[in-house]
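Residue 2 is where the sequence shown starts when you use the numbering used here, and the numbers rise one by one after that. All C-beta atoms, glycine included, are put in the ideal place defined by N, C-alpha and C. Just so you know, these numbers come straight off a predicted model, no measurement behind them.
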Amino acid sequence: MAERMVPNPRHERLRQLLVEAEGRAQEVRQAYQRASGAMRSGKVWTGPTAARWTTELEDRHHRLGRLAQRVVDAIEEELRRHPPLVTEAEANAMRREMARRV
């Protein structure tokens, strides 16, 4: 008789982590848009120093967005390695292992 299949605790935790990471990545992508827009408007600060500062701000903003996406991609990759269902014995072993790590 085949053992009963149950939700994989690792898969479930990774799905939760993915949702959180996607939300944070979205926040990062929007983080400096208002500041950048204000600087580009020419009404806040002008001149060569302002232009350099704005360019640096935007470069950092884009870099943060790429890094946040890399985190999301890594979680998605790890999620693909864990099936959504496992045997009950496997799930119990995973829960014990996860509890020891906390």
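Return the Cβ separation of Leu86 and Arg16 in integer angstroms, given the expectation that the two are a contact with Cβ distance under 8 angstroms.
-> Not a contact, Cβ separation roughly 13 angstroms.
Taking only the alpha-carbon atoms, compute the straight-line gap between Ile76 and Leu18 and give it to the nearest angstrom.
-> 8 angstroms
Nearest-angstrom Cα distance between Asn93 and Val45?
-> 58 angstroms
Are three or more beta carbon pairs between the stretch 50-62 and the stretch 94-103 nearer than 8 angstroms?
-> no
If we ignore side chains and look at the alpha-carbon of each, how far apart do Glu59 and Pro84 end up?
-> 39 angstroms
Bridge partners of Met6, per DSSP?
-> Thr88
Under a Cβ-count criterion, where at least 16 other Cβ atoms within 10 Å of its own Cβ denotes burial, should His12 be classed as buried or exposed?
-> Flag for His12 reads buried.
Assign Met2 to one of two classes, buried (16 or more other C-beta atoms within 10 Å of its C-beta) or exposed (fewer than that).
-> Exposed, because fewer than 16 other Cβ atoms sit within 10 Å of the Cβ of Met2.
Can you give the Cα-Cα distance for Val72 and Val20, rounded to whole angstroms?
-> 12 angstroms
Could you tell me the boundaries of the alpha helix (DSSP H) in which Gly43 lies?
-> Unbroken run through Gly43: none, as it is neither H nor E.
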